[in-house]
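Single-structure report; data block below.
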Amino acid sequence: MIYRSNECYNLIKVDGTPARIRAFKDAVSKSDSEFSFCKILPIPTLLHNIYQYTNAYHFAGKVTNETHRFVTLNKRGAIDSIRNLTPKEMAKLETITPKFGPDWCVENWGCNAEAIDIDLQDYEHQLAYDFITPHSPPRGIIKALRAKFPDLHISAFFDNDQDEIAGYY
78 MIYRSNECYN
88 LIKVDGTPAR
98 IRAFKDAVSK
108 SDSEFSFCKI
118 LPIPTLLHNI
128 YQYTNAYHFA
138 GKVTNETHRF
148 VTLNKRGAID
158 SIRNLTPKEM
168 AKLETITPKF
178 GPDWCVENWG
188 CNAEAIDIDL
198 QDYEHQLAYD
208 FITPHSPPRG
218 IIKALRAKFP
228 DLHISAFFDN
238 DQDEIAGYY
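Counted the way the working numbering counts, the sequence shown spans residues 78 to 246.
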């Protein structure tokens, strides 16, 4: 595994019966990832397309078309279109906290993006996931998994070399 700046190395181990291990593996994986935060704690759909003008939002203190816009991306990830929010989208966004995707991820997952460089070691009674997250460990993801799978033993370790912190949680 090659380290880049601002990375947090993570090791998650899951121990249990073979049937519960399989259920766990199915609950956290999707076709393009063996450990998907979005499958465990999905980002509210509206936030996938919202761009927040942070300074304007903090100044206004509420959602307006000057603080948030609906952005559509093309297949290459470039901006295809930008439009004002509809009244229905504005009302829905008011119910979501925080109101911007990366901020929502930090608050709910513990880090602002999905895991990368995932390596899975799959044994009959144990799964071990090695992966990297930006800046900090996914504490919210582990909390959600422990609540969903109380019959499994889930241990989590992180190491952030740049900040010189590491530990179990």
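A virtual CB, placed ideally from N, CA and C, is assigned to each residue, including glycine.
Note that the structure is predicted; figures quoted are calculated from it, not measured.
Neighbour-count burial assignment, residue i, 16 or more Cβ in a 10 Å radius
i           : result
residue 159 : exposed
residue 163 : exposed
residue 191 : buried
residue 129 : buried
residue 178 : buried
residue 152 : exposed
Spatial neighbours of residue i in its chain, beta-carbon cut-off 8 Å, leaving aside the 5 residues before and after
i           : result
residue 202 : 92, 93, 94, 95, 98
residue 78  : Reliability of the predicted coordinates at residue 78 is poor, the pLDDT of 49 falling under 50, and no value is obtained from them.
Same chain, Cβ closer than 6 Å to residue i, five either side skipped, listed in chain order
i           : result
residue 113 : 107
residue 237 : 85
residue 80  : Confidence is the limiting factor: at residue 80 the pLDDT is only 48, short of 50, which leaves the residue's position unreliable and the question unanswerable from this model.
residue 127 : 145
Whole-number beta carbon distance between residue j and residue i, since they are thought to touch under 8 Å
i           : j           : result
residue 87  : residue 235 : 5 Å
residue 231 : residue 219 : 6 Å
7 Å Cβ cutoff met for residue i and residue j
i           : j           : result
residue 209 : residue 84  : yes
residue 118 : residue 185 : yes
residue 149 : residue 157 : yes
residue 187 : residue 215 : yes
Fully enclosed by the region 101-185, which beta strand (DSSP E) runs are 3 residues long or longer? Listed in chain order, they are 127-129, 145-150, 156-160.
Which complete beta strand (DSSP E) runs does the region 222-246 hold, if anything under 3 residues is left out? Considered as a whole, the region 222-246 harbours 230-237, 242-245 as its complete beta strand (DSSP E) runs of no fewer than 3 residues, in chain order.
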